[in-house]
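Heads up: the sequence shown at position 249 corresponds to 312 in this note's numbering, and the numbers run straight through without jumps.
Glycine included, every Cβ here is placed at the ideal spot set by N, Cα and C.
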Amino acid sequence: MPTPKSVWIDTDVAIGTSTPRGYNDVDDAFALLDLFAAPEAVQIRGISVVYGNTTLPNALQLGQEISERFGEGWPVAAGASAPLNLREAQPTEATEAMARALREAPMHILAVGPATNVGTLLLREPQLAGKILSVTLVAGRRGPDQHFKVGPHHHPPFPDLNFDLDPLAFQIMLEKGVPLNLAPFEVSHKVWIDSGDLDRLARLNEAGAYLATHSRAWLAQWQPFGATGFNPFDVLASSWFIDPRGFKAERLPVQFCYHRDDTRPDQPDAYKPYLVVDRRFRAAPKVLYIHTPPPDFKARLWARLARLS
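Shown next, in the form of structure tokens:
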């Protein structure tokens, strides 16, 4: 049996939380439970949280609750509460905990929120870059004209949130030469979780019921877009990391491209950076771009989640 891969989980878990605009993403919780259910494939070295889908205090509370309730009670370290600031790139509990773990032994990092914690770590401790085996991120696209729309009535499209919240952190990772794996919107948009899937999850076990209960309001928010389900973004990254068999991916050059902000169509003078992969780029670093899940993706995910007591 292969040796489990050593991994640090960095997440902006937000399941069950909301803002005046509606409920927050549930996908981080799917990814956490997916990883907890695969001890034969992954050795969890630690967990940290970051702002993003929700506030840092919310993410910390949820991370601790999920670790205690469904995992092995791993400590959860608090990270950044805002994007990286070069004038005040202070250490956090998360960056210090990741640095200690890297000094002990090399490891992968699964960063399914903004990459601020990883960027800050590399900025402050560049000598540790060589001990990061890879960073898997939920970000990227093939071009600025690849809009993140989930249905015919979805206007404006979703942002590339993890990247958009802290492009500087991505730039630092690229400059430090850390191997990057991207599980972008493109791959998650090929997997749909609908009400029938939630019914099945609810019958699975306590973990499944937890995910299903908190996912119903999230699913309802997608229906006005013309969607009959939701894309479980972050769990595509965790599932690929656990078992990449059947996924399709390719190594492609990546770079920042600056174009009109597609999330602000009413502001014609608004621009933003895009994280773009394109084989035509020259002299650009390459990343692994994961674009297609296996046909039995959901069956494999349900089978893993069924192991959780």
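Residue closest to residue i, alpha-carbon to alpha-carbon, out of the options
i, options, result
"A202", "L184, P189, H252 and A168", "H252"
"V317", "V350, V181, A178 and V105", "V350"
"P336", "P207, K239, P67 and H216", "P207"
"K68", "L196, E128, Y334 and G134", "L196"
"W285", "S302, K361, P220 and N244", "P220"
"P83", "T117, Y321, P242 and R323", "T117"
"P269", "L371, I78 and L95", "Per the sequence shown, residue 269 should be read as Glu rather than Pro. Closest option to E269, Cα to Cα, is L371."
"R345", "L96, Y321, L315 and Q153", "L315"
"C320", "L364, S258, Q234 and A290", "Q234"
"L98", "A232, V298 and Q209", "V298"
"D262", "A300, L282 and G193", "L282"
"R343", "S301, E249, R205 and G259", "R205"
"E249", "N148, Q209 and G309", "Q209"
"P102", "D75, F133 and Q124", "F133"
"R308", "D324, T291 and P358", "P358"
"A300", "L364, A141, P189 and L123", "L364"
"D229", "F211, L200 and G240", "L200"
Residue-level contact to chain C via CB, residue i, 8 Å cutoff
i, result
"L299", "The question asks about chain C, but that chain is absent: this structure has only one protein chain."
Beta-carbon proximity check, residue i vs residue j, cutoff 8 Å
i, j, result
"G214", "F288", "yes"
"Y352", "V340", "yes"
"A280", "A265", "no"
"L165", "M236", "no"
"L243", "V175", "no"
"A162", "L191", "yes"
"T179", "L149", "no"
"A232", "P177", "yes"
"K361", "D260", "yes"
Environment of residue i [buried if 16+ CB atoms lie within 10 Å]
i, result
"R367", "buried"
"S81", "exposed"
"A145", "exposed"
"A369", "exposed"
"R108", "buried"
"G88", "Here residue 88 turns out to be Asp, not Gly, going by the sequence shown. By the 10 Å Cβ count, D88 comes out buried."
"G182", "buried"
"G126", "buried"
"S331", "What sits at residue 331 in the sequence shown is Pro, not Ser. P331 should be labelled exposed."
Spatial neighbours of residue i in its chain, beta-carbon cut-off 8 Å, leaving aside the 5 residues before and after
i, result
"E313", "L351, Y352 and H354"
Same chain, Cβ closer than 7 Å to residue i, neighbours up to 5 away in sequence not counted
i, result
"S130", "I110, G136, W137 and V139"
"A104", "P67, K68, I305 and D306"
"P295", "D90, F93, S251, V254 and I256"
"T326", "P219, P220 and P222"
"P328", "P219"
"K212", "P220"
"F310", "W303, I353, T355, P356 and P357"
Cβ shell of residue i (< 6 Å), same chain only, five flanking positions each side left out
i, result
"N121", "T80"
"A272", "A265"
Check your understanding: On the three-pair Cβ rule with 8 Å, is the segment 144-160 touching the segment 112-129?
Key -> yes
Given 8 Å, three or more beta-carbon pairs between the segment 165-172 and the segment 70-77: yes
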